[in-house]
Each structure stands twice: as structure tokens, then as C-alpha cells.
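Novice: Just dropping this structure here.
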Amino acid sequence: MPLADSDGTSIYYERHGSGPAILFVHGSGGHHAAWWQQVASLREEFTVVTVDLRGFGKSDSSMPEFDGQDFPGDVVAVLDAEDLTDAMLVGQSIGSVAALRAGLLRPERVGSVVLGHSLGGISHPELKELAAADRAEAVKLPVIDRLLTKRFQQERADLTFLFQQMGTFNVAKMADLRNLDTNGPSLEDIEASGVKVAFLAGEKDAVLSVKTVTRAHELTPGSHLEIVPDAPHSMYWETPAQYNAAVARLRRALTAQKEAA
10 MPLADSDGTS IYYERHGSGP AILFVHGSGG HHAAWWQQVA SLREEFTVVT VDLRGFGKSD
70 SSMPEFDGQD FPGDVVAVLD AEDLTDAMLV GQSIGSVAAL RAGLLRPERV GSVVLGHSLG
130 GISHPELKEL AAADRAEAVK LPVIDRLLTK RFQQERADLT FLFQQMGTFN VAKMADLRNL
190 DTNGPSLEDI EASGVKVAFL AGEKDAVLSV KTVTRAHELT PGSHLEIVPD APHSMYWETP
250 AQYNAAVARL RRALTAQKEA A
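Each residue of the sequence shown is one higher than the last, beginning at 10 in the numbering used here.
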């Protein structure tokens, strides 16, 4: 069982396939196995790494409490353990905050970060205001309706049930991740690091609007933007074919961009 040491905490991860590296960072209800549809699709072309942050999945969950500020270090521990370079970190929702911070901590190992359905905790007054307005609307909905479309819930009751069961394997909860974006990086910090940033969002995301994500892209120099039609907040689960294609496009584009430079 592969384990990385994150300042004395055992972090579980898996590595599949070969080629340019993509490391997925789960959100508050996920863990390494949540990426089953991504691993199966992408491992023929890419090295696909999945990780359990502390308190999630098979990673150490024995501590009395969890601090979101420790999560980026868990990602860094895996990068170091596998000696990855030019990795693309792909975060899901609040996992994107950990991914961006990890990328800024190890720019020599991380070439790019994909902020999936998230602003990555970027510290910017306009973006914080836009995200807060989106959040105020999202909390009016039941949690499951924020993450998956009504149609999917009705047509795929089996996968909806499995999606909800995923979180039952975790000890850490959403509240343990909320302070991740405290003292987040500035746009200047990102530009100075040399790490490329891409925003990946779904057209039907009920948590973070396309308008907000588009504005973040406009404000972030050199960033990429992928908006997937008809996709919800958890599109990696509901619309995996479109999600996987978008991730692959970004990995190829960002690899080619570096080689051209």
C-alpha cells in the first residue's frame, strides 16, 4: 500500500498508467476511489495519481481534529514521494484550494493547476464578493441538488446513491476544510510562481456560476478556461466523458505550451 509521509502523517495514494502526470485532489465528500471514472479513462495516456487527504479514505484519520491548512502538505508529500515533475494538479471544488497551494509550494514539481469548480482560494476582493453571492444562492438548495442535476438523480438513482455513500468512508468533514482559503494566494503570487492555472467549470454548476469563473479567468494572467455545457458541480461524477476530455485537453495543451517555451 503506497504511503507518503506528510510531517509524520501517513497519506495514502495510488499511481496508475504512464505519461505526463495528472494528480487529482478530491473535495469534501471524496477520496481516491471517487476518481474511478477518470483513472479508467486517462491511464492509457497519462500517469494518473489519486490521493486521500488526511482524514479521508485510507489516510491517517487518528488525529483529534483536522486543519485544512495541512492539506496542501499532504499533496506535496505525494509529489515528493513519487518524484513527479511538471505534474498537473486537478482539484475538485474545495480540493482545488489545496491543489493550488501545493503547486505554489512546489513549482519545481508542478507545471499547472486546474481549479475544478473553484476559485482556488485566490485572494482578490472582487472574486470573493462574486463567490459569496453564488454561495448565498447555493445554500438555498439541498446539498445533493447543489452537486448533481435533478435529471441525473432521477435517471441514475444507483450512481446517485453511490455518490452519497462515498463520503461515509471519511472522518474529516466539510468544516475541516473551510479554513483552507484563509490567507490565500494573490494573483501576483500565482504569476510569480510560474505555475499555469486553468479554470474548469460546468455550465449548470449550482455552487459557482460561470460568470464568476469567467471573471476569475479574466483577472488571472495567462490562465485557461474550460466551461463544459450542461455539466453540474460534480461533473467528474455525472458527466465523466466530458470531464475527462476537458482534463486531457488541458494536460496536452499545457504540456505542449511548456515544450514550445
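Backbone N, C-alpha and C fix where the C-beta goes; we use that ideal spot for every residue, glycine too.
1. Taking the alpha carbon of G26 as the point to measure from, which residue in E53, D14, T264 has its own alpha carbon closest?
2. May I ask you to report which of helix, strand or coil DSSP gives D95?
3. If you measure between the beta carbons of E212 and A240, is that distance less than 8 Å?
4. Could you pull out every residue in the same chain whose Cβ sits closer than 8 Å to the Cβ of V192, ignoring the five residues on either side in sequence?
5. Using only CA atoms, which one of A111, V204, A13 lies nearest to S68?
6. Where are the beta strand (DSSP E) runs, 3 residues long or more, that stay fully inside the region 175 to 233, in chain order?
7. In chain order, what residues of the same chain have a beta carbon less than 6 Å from the beta carbon of D28, not counting five sequence neighbours either side?
8. Rounded to whole angstroms, what is the Cα-Cα separation between Y22 and H242?
9. To the nearest angstrom, how far is the alpha carbon of K159 from that of D16?
10. Between which two residues does the beta strand (DSSP E) carrying G9 extend?
11. What does the Cβ neighbour count give for T177, buried or exposed, with the cut at 16 atoms within 10 Å?
12. Which of helix, strand or coil does DSSP assign to V148?
13. Between the Cα of V119 and the Cα atoms of D83, F80, A96, which residue gives the shortest distance?
14. Shortest alpha-carbon distance to D214 belongs to which of D198, R260, G66, R144?
15. What residue does the beta strand (DSSP E) around G26 start on, and which one ends it?
16. Could you tell me which residues DSSP puts in a beta bridge with G104?
17. What is the DSSP secondary structure of F161, reduced to helix, strand or coil?
18. Can you give the beta carbon distance from L136 to S202, rounded, assuming they're within the 8 Å contact cut?
19. Can you give the Cα-Cα distance for E235 and S19, rounded to whole angstroms?
20. Count Cβ pairs between the region 87 to 104 and the region 28 to 47 that sit closer than 8 Å; are there 3 or more?
21. Out of curiosity, what's the CA-to-CA distance linking E138 and A225?
Specialist: So, from the listed chains and residues:
1. E53
2. coil
3. yes
4. Before going on, a small fix: residue 192 reads as Asn here, not Val. Result list for N192: S132, in chain order.
5. A13
6. 205 to 211
7. One detail in the question is off: residue 28 reads as Gly in this sequence, not Asp. Result list for G28: E54, F55, T56, in chain order.
8. 24 Å
9. 42 Å
10. Past the edges of the chain, shown from 10 to 270, lies residue 9, and the structure says nothing about it.
11. exposed
12. coil
13. A96
14. R144
15. 18 to 26
16. Paired residue(s): none; G104 is not in a bridge.
17. helix
18. Not quite, the Cβ-Cβ distance comes to about 18 Å (not below 8 Å), so this is no contact.
19. 34 Å
20. yes
21. 12 Å
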